[in-house]
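S.K.: Mind having a look at this structure? Questions to follow.
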Amino acid sequence: MHLQLLTIILQNGTQNEERKEAYSADIVCATNNEFAFDYLARQYEIFSRRHDSLGGFHYEIVDEVDSILIDEAHTPLIISGQIGENNQIYKHISKIVTKLIKSDYEVDEKDQDIITASKRDDVKLTFRYILEKFENDAITSMEVCKKFTILECIDDAAPAIIKIKQQSIE
18 MHLQLLTIIL QNGTQNEERK EAYSADIVCA TNNEFAFDYL ARQYEIFSRR
68 HDSLGGFHYE IVDEVDSILI DEAHTPLIIS GQIGENNQIY KHISKIVTKL
118 IKSDYEVDEK DQDIITASKR DDVKLTFRYI LEKFENDAIT SMEVCKKFTI
168 LECIDDAAPA IIKIKQQSIE
């Protein structure tokens, strides 16, 4: 403890319980990869309604940013933006995807795409439109599933749906 601030170093291989404790500290020191993967894991936890292990974020100080941007010679991990801005969308997608049954769709593993059982061309309601309706709370995810053959509207969200379904099977 320095200046009454608890500082913890987070290293690769740290177990989940230790990570939760580490993120409760005032200052957490770790590599950009550790923070990035913990952030992505946090989004999954929120998305799947599991416990949020990271706590709140206030500031980030990047030491040796030249190493991250230049010396490592790869695209840096970019996950900027306001914390939690997409959480509502994730929750709504999750509600819809959990309503899908295997007979409604077929997964094309090669192209990472969804092939729907329904072949109707007249559906004009897109998945994005449904999400916008959710954002405005005009309809609930249950209403969407009752009123629409949701799979006719899913092309825009196919990669996310494949990942969600695979995770729910595991």
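The sequence shown lines up with residues 18 to 187 when you count with this note's numbering.
From the three backbone atoms N, C-alpha and C, an ideal C-beta is built for every residue, glycine too.
Does the beta-carbon distance from Ile-25 to Glu-34 come in below 9 Å?
M.R.: Here residue 25 is taken as the residue at index 8 of the sequence shown, counted from 1. Here residue 34 is taken as the residue at index 17 of the sequence shown, counted from 1. Cβ atoms of Ile-25 and Glu-34: not closer than 9 Å.
S.K.: Using 9 Å as the threshold, is the C-beta distance between Leu-27 and Cys-46 below it?
M.R.: The residue given as residue 27 occupies position 10 in the sequence shown. The residue given as residue 46 occupies position 29 in the sequence shown. Their beta carbons are under 9 Å apart, which means Leu-27 touches Cys-46 by this criterion.
S.K.: Tell whether a beta-carbon distance below 9 Å holds between Ile-50 and Asn-29.
M.R.: Sequence index remark: in the sequence shown, residue 50 carries index 33 (1-based). Sequence index remark: in the sequence shown, residue 29 carries index 12 (1-based). The question names Ile, but residue 50 is Asn in the sequence shown. A contact, by the Cβ cut-off of 9 Å.
S.K.: Provide the residue span of the beta strand (DSSP E) that contains Thr-24, from first to last.
M.R.: Numbered from its first residue, the sequence shown carries residue 24 at position 7. Element bounds for Thr-24: 24 to 26.
S.K.: Less than 6 Å between C-beta atoms, sequence neighbours within five positions excluded: which residues of the same chain meet that for Ala-42?
M.R.: As a first step, residue 42 must be located in the sequence shown, where it is residue number 25. Correct list, in chain order: Leu-23, Ile-25.
S.K.: In whole angstroms, give me the CA-to-CA distance for Tyr-40 and Leu-20.
M.R.: Counting from 1 along the sequence shown, the entry for residue 40 is found at position 23. Counting from 1 along the sequence shown, the entry for residue 20 is found at position 3. For Tyr-40 and Leu-20, the distance between alpha carbons rounds to 18 Å.
S.K.: Determine the direct distance from the alpha carbon of Ala-53 to that of Phe-31, and round the result to whole angstroms.
M.R.: Walking along the sequence shown from the start, residue 31 turns up at place 14. Walking along the sequence shown from the start, residue 53 turns up at place 36. Before going on, a small fix: residue 31 reads as Thr here, not Phe. So the two alpha carbons sit approximately 15 Å from each other.
S.K.: Please report the residue range of the alpha helix (DSSP H) in which Asn-33 lies.
M.R.: As a working mapping, residue 33 is identified with position 16 in the sequence shown. It spans 33 to 39 - the alpha helix (DSSP H) in which Asn-33 sits, taken as one unbroken run.
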